[in-house]
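Notes follow once the structure below has been shown.
There are 2 protein chains.
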Amino acid sequence: MSETSTKPRRNPAETRERLIGATVRLMLRQGYAATSVDEICAEAGVTKGSFFHHFENKESIGRAAVEWWGAFGTALYAEAWEDDELDPLDQLRRFFGIMIGFTEREDQVCTCMVGMMSQELSQTHPAMREECGRQLQLWTANCARMLAAAKARHAPEAGFDPEAVAWYLNSLWQGSMLVGKAEDRPGIIRSNLRLALAWVEGLLQKTDSPNPSQPS
Amino acid sequence: MSETSTKPRRNPAETRERLIGATVRLMLRQGYAATSVDEICAEAGVTKGSFFHHFENKESIGRAAVEWWGAFGTALYAEAWEDDELDPLDQLRRFFGIMIGFTEREDQVCTCMVGMMSQELSQTHPAMREECGRQLQLWTANCARMLAAAKARHAPEAGFDPEAVAWYLNSLWQGSMLVGKAEDRPGIIRSNLRLALAWVEGLLQKTDSPNPSQPS
DNA sequence: TCTGACATACGAACCAGTTGGTATGTTAAA
DNA sequence: TTTAACATACCAACTGGTTCGTATGTCAGA
């Protein structure tokens, strides 16, 4: 009879993923409130009944989409620190390189699901705020780990707090994407990232060597 | 008959302002899409007919609200540079002081209308994106002016570009408010601002004086 | 009497979410 | 191996409520 191997008509895992993918794509562009469940279903090629079978409500798929984005990001960034033999300062340089690479994708606006949902929903959807907060903490923890290691290796006497610097960099990254989008000038993001990397490198310069700021 | 001096039943200017005020309050909390015209009217104590008499549509009052916020902000920041006798570096210190003060208001979430509308609408409402872009440019121009003056006075040889640094600071400020909100930790914003000010002061240190970084 | 400011009423479109049903897959007894 | 009972995955149609926007009316002041 008809083959059953390639395209099983039922595939809950795939349906779920398709719904999440559609949600990410749409909300990344329009935000949460402006994205309707009908629209998500149409984009995913799934009916509304099916939608409410997989997700309790709109907020629930919103949370799943933020989680998905977090995992996607972590996988992307992991390349920076996966080689644990690498000098942590070079890991940080890779980290910045990954972010710059993210701004350079063709025909893709440089924006972040976590940043968008945080901005729009922090004050009205506590569960969403918490999920976004968690994802930002993850980024910060990874960044702080590299900063602490780099500090231990290169400038143990330096006075900066790795976690505070990590939050600073996270804020700069989020704000840069926001401003880059509003100005339609992704170059601003890259310029900001370069300034920040230079600053971090400055923080990590050995304190006993009276090195002037930077070579122009 | 009834007196007409104190409370004229009709006052288009005041009605307009009430509508804009209500819009700012509501959208600052809920964002654009989640704020309905009915809600705005209720908050302002104005009927819907009146609303559509004063504003063509929802987007139009959104733009007006962003403009209002821009003027409000500029008035707030102006205190930093209004004394043009003051050392521009001290003007910058005041500038940061104003931002820190903004985070310290009681029972008020530290957030920005321009940042919220930029994040939510940049990719779908071109007119709104442009208005937000304009407001961000204003902030940046004011900031860059102070930076350029401070550079001319304190470190004319320094290699930084005042405008690039101003965009950097604008991005950091926007991102800090975003992260501070998502983490419900306004302290992060203040920490970021302090780090940024120290960095700016570092940039402005005379290149010939071998001054060590900071007194811890 | 004429105009600009405001009010009332309403409609077409759209929203999130529900319902009752069907197709498909699984399990286990006959 | 067949079959019958059951569970899961999915679907079309629908509901009650809300949305922005409009059409029409009223009223005060110039």
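Chains as they are written, first to last, in the working numbering: chain A, 65 to 280; chain B, 65 to 280.
Think of the CB as a built atom: it goes at the ideal place given N, C-alpha and C, for glycine as much as any other residue.
Contact criterion: CB-CB distance below 9 Å. Does residue i meet it with respect to chain A?
{"i": "C196 (chain B)", "result": "yes"}
{"i": "T70 (chain B)", "result": "Model confidence at T70 (chain B) stands at a pLDDT of 48, short of 50, so the residue's coordinates are unreliable; what they give is reported in the following sentence. No, its Cβ sits nowhere closer than 9 Å to a Cβ of chain A."}
{"i": "W263 (chain B)", "result": "yes"}
{"i": "G165 (chain B)", "result": "no"}
{"i": "D248 (chain B)", "result": "yes"}
{"i": "W231 (chain B)", "result": "yes"}
{"i": "N121 (chain B)", "result": "no"}
{"i": "I104 (chain B)", "result": "no"}
{"i": "R93 (chain B)", "result": "yes"}
{"i": "G137 (chain B)", "result": "no"}
{"i": "L185 (chain B)", "result": "yes"}
{"i": "L150 (chain B)", "result": "no"}
{"i": "R193 (chain B)", "result": "yes"}
{"i": "S280 (chain B)", "result": "Model confidence at S280 (chain B) stands at a pLDDT of 43, short of 50, so the residue's coordinates are unreliable; what they give is reported in the following sentence. Chain A, which has a Cβ nearer than 9 Å to the Cβ of S280 (chain B), makes this yes."}
{"i": "S114 (chain B)", "result": "no"}
{"i": "L259 (chain B)", "result": "yes"}
{"i": "A216 (chain B)", "result": "no"}
{"i": "A208 (chain B)", "result": "no"}
Would you please verify whether the beta carbon of residue i is less than 9 Å from any beta carbon of chain B?
{"i": "D171 (chain A)", "result": "no"}
{"i": "G161 (chain A)", "result": "no"}
{"i": "G244 (chain A)", "result": "yes"}
{"i": "N234 (chain A)", "result": "yes"}
{"i": "V237 (chain A)", "result": "Looking at the sequence shown, residue 237 (chain A) is not Val but Trp. With 9 Å as the cut-off, W237 (chain A) counts as an interface residue toward chain B."}
{"i": "Y141 (chain A)", "result": "no"}
{"i": "V101 (chain A)", "result": "no"}
{"i": "R89 (chain A)", "result": "no"}
{"i": "L200 (chain A)", "result": "yes"}
{"i": "N256 (chain A)", "result": "yes"}
{"i": "I253 (chain A)", "result": "yes"}
{"i": "M177 (chain A)", "result": "no"}
{"i": "G266 (chain A)", "result": "yes"}
{"i": "R127 (chain A)", "result": "no"}
{"i": "L211 (chain A)", "result": "no"}
{"i": "S124 (chain A)", "result": "no"}
{"i": "T188 (chain A)", "result": "yes"}
{"i": "A108 (chain A)", "result": "no"}
{"i": "A228 (chain A)", "result": "yes"}
{"i": "A97 (chain A)", "result": "yes"}
On the CB-based measure, 16 or more other CB atoms within 10 Å of its CB, does residue i come out buried or exposed?
{"i": "Q278 (chain B)", "result": "Low confidence applies to Q278 (chain B): its pLDDT is 46, below 50, so where it sits in the model is not reliable, and the reading given next is rough at best. That one is exposed."}
{"i": "G224 (chain B)", "result": "First, the amino acid is wrong: residue 224 (chain B) is Phe here, not Gly. F224 (chain B) is buried by the Cβ-count criterion."}
{"i": "Q199 (chain B)", "result": "buried"}
{"i": "P220 (chain A)", "result": "exposed"}
{"i": "T204 (chain A)", "result": "buried"}
{"i": "F115 (chain A)", "result": "buried"}
{"i": "A108 (chain B)", "result": "buried"}
{"i": "S124 (chain A)", "result": "exposed"}
{"i": "P190 (chain B)", "result": "exposed"}
{"i": "K270 (chain B)", "result": "exposed"}
{"i": "P76 (chain B)", "result": "exposed"}
{"i": "T138 (chain B)", "result": "exposed"}
{"i": "G95 (chain A)", "result": "buried"}
{"i": "T111 (chain B)", "result": "exposed"}
{"i": "F160 (chain B)", "result": "buried"}
{"i": "G165 (chain A)", "result": "exposed"}
{"i": "L140 (chain B)", "result": "exposed"}
{"i": "F119 (chain B)", "result": "buried"}
{"i": "A142 (chain A)", "result": "exposed"}
{"i": "N121 (chain B)", "result": "exposed"}
Round the Cβ separation of residue i and residue j to the nearest angstrom and send it over; I've been treating them as touching at under 8 Å.
{"i": "L156 (chain B)", "j": "M241 (chain B)", "result": "The pair is not a contact, with the Cβ atoms about 19 Å apart (cut-off 8 Å)."}
{"i": "A208 (chain B)", "j": "L259 (chain A)", "result": "The Cβ separation is near 14 Å, so there is no contact."}
{"i": "V243 (chain B)", "j": "M181 (chain B)", "result": "Rounded, the Cβ-Cβ distance is 18 Å, inconsistent with contact."}
{"i": "R89 (chain A)", "j": "E195 (chain A)", "result": "19 Å between Cβ atoms; not a contact."}
{"i": "V178 (chain B)", "j": "Q187 (chain A)", "result": "About 16 Å; that fails the 8 Å criterion."}
{"i": "E247 (chain B)", "j": "G197 (chain A)", "result": "5 Å"}
{"i": "L236 (chain A)", "j": "L236 (chain B)", "result": "5 Å"}
{"i": "T175 (chain A)", "j": "L92 (chain A)", "result": "6 Å"}
{"i": "L268 (chain B)", "j": "H218 (chain B)", "result": "5 Å"}
{"i": "P152 (chain A)", "j": "A213 (chain A)", "result": "4 Å"}
{"i": "A144 (chain B)", "j": "I162 (chain B)", "result": "6 Å"}
{"i": "A106 (chain A)", "j": "A97 (chain B)", "result": "About 18 Å; that fails the 8 Å criterion."}
{"i": "T87 (chain A)", "j": "I104 (chain A)", "result": "5 Å"}
{"i": "W263 (chain B)", "j": "S255 (chain A)", "result": "Not really, about 15 Å apart at Cβ, beyond 8 Å."}
Using a Cβ-based criterion (distance less than 8 Å to any ligand heavy atom), does residue i qualify as near the ligand COA?
{"i": "P76 (chain A)", "result": "The ligand COA is absent from the structure shown, which contains no ligands of any kind."}
* Asked: Residue ranges of each alpha helix (DSSP H) run of no fewer than 4 residues wholly in the segment 163-192 of chain A, ordered along the chain?
  -> 177-185
* To do: Enumerate, from N- to C-terminal direction, the unbroken alpha helix (DSSP H) stretches of 4 or more residues contained entirely within the segment 199-265 of chain B.
  => 226-247
* Would you list, in sequence order, the uninterrupted beta strand (DSSP E) runs of no fewer than 3 residues that lie entirely inside the segment 81-129 of chain A? => none
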